[in-house]
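Residue numbers (this note's numbering), protein chains in the order written: chain A, 1 to 580; chain B, 581 to 943. The beta carbon of each residue, even a glycine, is placed where N, CA and C say it ideally should be. Before any comments, here is the structure.
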């Protein structure tokens with residue numbers, strides 16, 4: 001029986017081999033003439049047709065990025081009869097050195113039938129003039145391909161990102177997703193995060209040509225498919241306004257709808273002009289890459305900094321949630337706090353006197369928070385830092401978001417191989433020491449306060465070609481809503497009480513709440529200035545964070561910018577809009 | 581060592597040597613670039629692999645196929661764990677992750693899993709041979725088969741995953757399962773194809789669709805098929821001669837040292853060459869089946885049927901793919917396509933078959 005089955009297998013295999021044999025006979029013997037003629041003349045040529053990339057619009061439909069036409073001078077290798085003379089003629093037509101042209105040609109050569117770029121982005125008038133002279137040069141032609149254009153230049157550059165030729169490392173990862181060599185891919189920003197939607201599908205024509213490269217027949221055609229358009233939550237007007245406020249400053253600012261997570265404006269300063277990466281001029285690119293201000297760094301989500309006093313918001317919540325402080329609890333501030341032999345100072349040398357929690361937030365009293373922090377202990381502060389989302393991503397739809405550091409005694413032991421001292425706890429309680437946060441994390445902290453315990457996931461892309469991006473999940477701090485009552489009273493007074501530290505953000509006919517921060521960043525440098533806040537105070541619609549690198553006192557520079565933004569928002573109707 | 585040579589079918593050994601020589605010549609030609617030194621010569625690298633795989637093969641013969649079958653459950657489980665690991669590690673990056681990096685050499689665990697699966701399945705059906713007529717046995721076997729298939733499809737590596745199916749059917753068939761049961765499983769499989777379709781990645785769907793119409797993607801998979809057909813067709817009866825294939829030498833054929841190596845053979849050696857290679861593969865299979873026919877051990881017989889099924893399936897699908905009869909699923913041509921994992925698994929299978937043959941001689 002079994003041997004019988006082995007025989008059946010043997011027969012089946014022999015039979016199936018006949019099928020292959022027949023097919024090979026069909027192609028190699030019967031089809032020989034046809035295929036031989038195709039192969040002899042090298043006659044199948046593929047002409048790639050690049051798909052244009054999807055456009056990007058702001059929330060009102062204003063163009064932020066789109067594809068334009070670019071004219072490139074290309075050489076089709078298999079049509080060149082004599083490379084030397086072709087290059088000489090090209091050199092005469094374009095005025096470039098022959099050696100230079102040859103080097104570019106060698107660099108961009110891929111396949112005999114794929115046009116190799118020689119000169120990119122030729123202005124249209126010049127392109128037409130050159131084209132007339134190319135008739136006598138076989139293999140050379142002007143090729144029009146889509147080219148990315150960012151009409152607003154620097155404004156919003158960190159949101160947009162830029163595009164560039166795919167790197168080998170990226171290609172390895174993305175090959176299976178339909179990417180190929182020399183594709184342009186998004187680098188950073190929305191261009192990178194949503195590349196798969198924006199990029200479209202390249203097409204091409206495959207033709208059979210005769211020995212003089214004339215088309216005989218079309219073997220295959222694939223229409224290039226345009227990428228999808230994105231509409232952002234960003235308001236270009238607001239973006240431009242914030243951009244102006246940051247003109248001579250380094251830093252970051254994010255303005256978000258508190259209830260929905262829509263990011264209306266996101267600025268990181270200094271900015272860069274993404275068009276420079278498109279036009280292919282190396283000097284401009286090198287200038288950006290060498291700039292000591294790191295313009296490519298998105299400070300709003302990738303930069304991490306000590307939060308300074310803005311972190312007191314978190315410590316205050318921890319105090320209330322654990323029952324360590326009540327409405328009536330006060331600590332005495334004499335201007336200095338002693339721990340063993342070490343003195344920790346309040347920013348006000350004469351001291352604040354007796355402070356309850358609302359006053360302590362209003363005046364940003366360090367001694368109050370030293371005392372509270374000591375009573376809580378490092379583990380409790382760490383626990384609440386985590387519950388406010390510090391040390392974790394907000395999940396905004398932009399690449400390269402940083403996590404920052406929410407330190408704990410365990411963290412210090414593992415990372416720095418050192419024990420945790422009580423002095424570390426004291427520093428921790430005013431947002432100094434090992435704590436590092438991104439501006440967008442602080443935006444989440446303040447939004448949690450604004451919403452009494454939750455923060456929607458911040459997002460930038462509203463819809464992809466008319467299809468809404470999926471609703472993001474909400475981040476919950478898992479704290480009782482009542483707990484925020486005293487915090488909000490403190491943050492209201494900080495801006496609106498005549499003794500508050502955040503008066504710089506005060507406006508007459510609009511209630512703004514917020515917390516300032518002046519974070520030390522090394523001994524000899526100016527402090528970082530912070531302001532986190534929301535408005536209107538009672539029914540918050542907008543949360544914002546302002547961060548100025550080495551900007552001095554948060555109560556001055558950062559709060560001022562927050563005020564100007566608040567006025568802009570009010571005057572431009574951002575507070576009258578319907579949500580959801 | 582001497583015993584191995586003395587007691588092994590000389591025709592079998594000779595066939596393998598000839599196939600390996602053809603492999604070397606074809607790889608040399610496929611990576612031969614007179615005017616450009618960018619491309620490394622794959623034939624030399626493959627020779628290094630050959631040396632290594634011969635050593636492994638001898639170890640497999642020495643150890644004996646029976647012991648491999650005895651330990652097969654353990655090996656198969658470990659192999660599945662490695663696949664899972666690859667998947668988890670791969671999850672953190674984009675794209676397909678199939679390799680384990682061993683310094684200069686990298687291995688595809690999915691390739692070796694075909695063998696450990698074959699061994700485990702042989703053990704299962706022979707341990708339960710008294711119940712082979714029950715549908716239950718077939719269902720459990722199918723379950724064993726689906727474990728690696730699911731993990732490998734997820735990688736995603738459609739070609740390797742599909743190669744598990746002929747092993748499953750042929751091993752159960754040889755072990756004596758009811759044809760009716762196997763047909764039911766086959767029908768179920770065909771019925772659930774739409775389900776499979778939904779888990780495929782976009783590029784895999786594209787490749788399968790391109791098979792139906794190369795013009796869907798004339799620049800990607802379609803281009804490869806068109807160029808491969810031109811290469812093979814223009815080979816004619818006697819071919820253009822070694823190192824003289826124009827399609828090959830002019831860089832028109834992508835992936836020509838791996839999945840599309842047969843296009844190079846077809847172009848340079850023509851119909852005659854292709855027929856000879858096909859004949860060699862058939863001869864190899866006949867000699868392997870001859871061992872299965874003469875052995876007294878049911879396990880050895882079943883194992884060899886699985887080996888034969890896999891080798892022939894890969895030959896058939898690979899050649900079919902290069903002439904556009906089969907979808908481009910990414911299966912290498914046994915012994916010939918460039919790649920250490922492919923050669924290694926082929927040599928191990930031959931070693932196992934030789935080991936079955938040696939046992940027969942002892943009695």
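For residue i, three-class secondary structure by DSSP
i	result
residue 492(A)	helix
residue 31(A)	coil
residue 354(A)	strand
residue 463(A)	strand
residue 615(B)	No answer about residue 615(B) holds up, because its pLDDT of 46 lies below 50 and its placement is not dependable.
residue 69(A)	strand
residue 766(B)	helix
residue 343(A)	strand
residue 943(B)	Residue placement at residue 943(B) cannot be trusted, given a pLDDT of 47 that sits under 50; what the coordinates show is reported in the next sentence. Of the three classes helix, strand and coil, the one that applies to residue 943(B) here is coil, per DSSP.
residue 474(A)	strand
residue 510(A)	strand
residue 685(B)	Any answer about residue 685(B) is weak, because its pLDDT of 47 lies below 50 and its placement is not dependable; what the coordinates show is given next. DSSP places residue 685(B) in strand when its eight states are reduced to three.
residue 550(A)	coil
residue 294(A)	coil
residue 257(A)	strand
residue 607(B)	helix
residue 534(A)	strand
residue 5(A)	helix
residue 527(A)	coil
residue 325(A)	coil
residue 206(A)	strand
Below-8 Å beta-carbon distance, residue i vs any chain A residue
i	result
residue 595(B)	no
residue 777(B)	no
residue 590(B)	no
residue 660(B)	no
residue 811(B)	yes
residue 814(B)	yes
residue 808(B)	no
residue 917(B)	no
residue 611(B)	no
residue 672(B)	Residue placement at residue 672(B) is flagged as unreliable, the pLDDT there being 38, under the threshold of 50; the coordinate-derived value follows with that caveat. With 8 Å as the cut-off, residue 672(B) does not count as an interface residue toward chain A.
residue 866(B)	yes
residue 869(B)	yes
residue 846(B)	yes
residue 936(B)	no
Contacts of residue i in chain B (Cβ-Cβ under 8 Å)
i	result
residue 14(A)	862
residue 36(A)	813, 814 and 816
C-beta neighbour in chain B for residue i, strict 8 Å
i	result
residue 29(A)	yes
residue 106(A)	no
residue 370(A)	no
residue 339(A)	no
residue 544(A)	no
residue 87(A)	no
residue 169(A)	no
residue 32(A)	yes
Neighbour list for residue i in chain A, Cβ cutoff strictly below 7 Å
i	result
residue 850(B)	28
residue 899(B)	20
residue 944(B)	An answer regarding residue 944(B) cannot be provided, because it is not within the stretch 581 to 943 covered by chain B.
Neighbour list for residue i in chain A, Cβ cutoff strictly below 8 Å
i	result
residue 892(B)	13 and 16
residue 872(B)	6
residue 854(B)	24 and 28
Which runs of the beta strand (DSSP E) fall wholly inside the region 872-912 of chain B and span at least 3 residues, in chain order? none
Using a Cβ-Cβ cut-off of less than 7 Å, give me the residues of the region 383-403 of chain A that come near chain B, in sequence order. none
Contiguous beta strand (DSSP E) assignments of at least 3 residues, all confined to the region 114-193 of chain A: 116-122, 140-149, 162-165 and 184-187
Chain A contacts made by the region 742-775 of chain B, where a contact means CB separation under 7 Å: 750, 753, 754 and 756
Tell me the start and end of each unbroken alpha helix (DSSP H) in the region 388-451 of chain A that is at least 4 residues and wholly inside, in chain order. 409-415, 422-428 and 439-450
Fully enclosed by the region 647-671 of chain B, which alpha helix (DSSP H) runs are 4 residues long or longer? 652-671
Quick check on the DSSP output: what are the complete alpha helix (DSSP H) runs of length 4 or more inside the region 806-864 of chain B, in order along the chain? 826-829
Counting only runs that start and end within the region 72-116 of chain A, where is the alpha helix (DSSP H) found for 4 or more residues in a row? 83-94 and 98-108
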